[in-house]
Amino acid sequence: MMPILRTVAALVAATTATTAHVHVQIHLRAGTVPARGVNLGGWLVAEQWMTWDSPIWSGVLANVSGQGEYQRIMYRGAEAGQAAFDVHRRTWITEGHIQHIAASGLNLVRVPVGYWIQGCSGLPRQLATEVVWLQQKPNFKR
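Read in order, the letters of the sequence shown correspond to residues -20 to -1, 1 to 122 in mature numbering (1 follows the signal peptide of the UniProt record, and there is no 0).
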């Protein structure tokens, strides 16, 4: 599991565990605690239909934005495109959002990631993706 996913899981679990010594995953898997969760789609794999109000899509033609993250990055050029996505990833979901999720009583978080996070070789691009961003370990407190 990538560091940010561990951190997100730990944050949610820390505020929703039923006992101090047993991780909430144990209770979820045993069926003793109902799963209540949220999908954080659009954070690490941006899709225009889901993140339409993010600045990453500002000024991008509809036929480009409809093709997804990679085409959006290439539309502005790799460096500028990646810079825009770095800002998006830092601001779309923040520590405050995770705290709100946990405070709302949710005990599960789904974080969709692209297939390329597996370290696939031979990809037609050499751009930093969410893999690089995840490795930076954002300061989400446990």
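Beta carbons are placed, not taken as given, at the ideal position from N, Cα and C, and that holds for glycine.
Quick caveat, the model's predicted, so the values are computed rather than measured.
Inset, instruction - Kindly identify the DSSP beta-bridge partner or partners of Gly17. - result: In the sequence shown, counting from the first residue as 1, residue 17 sits at position 37. Looking at the DSSP assignment, Gly17 forms a beta bridge with Leu88.
Inset, instruction - Please classify Trp23: does DSSP put it in a helix, a strand, or coil? - result: Here the question's residue 23 lines up with position 43 in the sequence shown. The answer is coil: DSSP assigns Trp23 none of H, G, I, E or B.
Legend entry - Spatial neighbours of Trp37 in its chain, beta-carbon cut-off 6 angstroms, leaving aside the 5 residues before and after: In the sequence shown, counting from the first residue as 1, residue 37 sits at position 57. Hits under 6 angstroms: Gln28 and Ser45.
Legend entry - Coil, strand or helix - Lys117 by DSSP: Against the sequence shown, residue 117 aligns to sequence position 137. Caution is warranted here: a pLDDT of 46 is assigned to Lys117, below 50, making its placement in the model unreliable, and no coordinate value can be reported.
Inset, instruction - Would you be able to state if there are at least three C-beta pairs under 8 angstroms between the segment 63 to 80 and the segment 1 to 14? - result: Verdict: no, contact absent.
Legend entry - Contact with chain D by Ser84, beta-carbon distance below 8 angstroms: Chain labels in this structure do not include chain D; a single protein chain is all it has.
Legend entry - Spatial distance of Gly85 from Gly22 (CA atoms): The count along the sequence shown starts at 1 and reaches residue 85 at position 105. The count along the sequence shown starts at 1 and reaches residue 22 at position 42. Just so you know, the alpha carbons of Gly85 and Gly22 end up roughly 22 angstroms apart.
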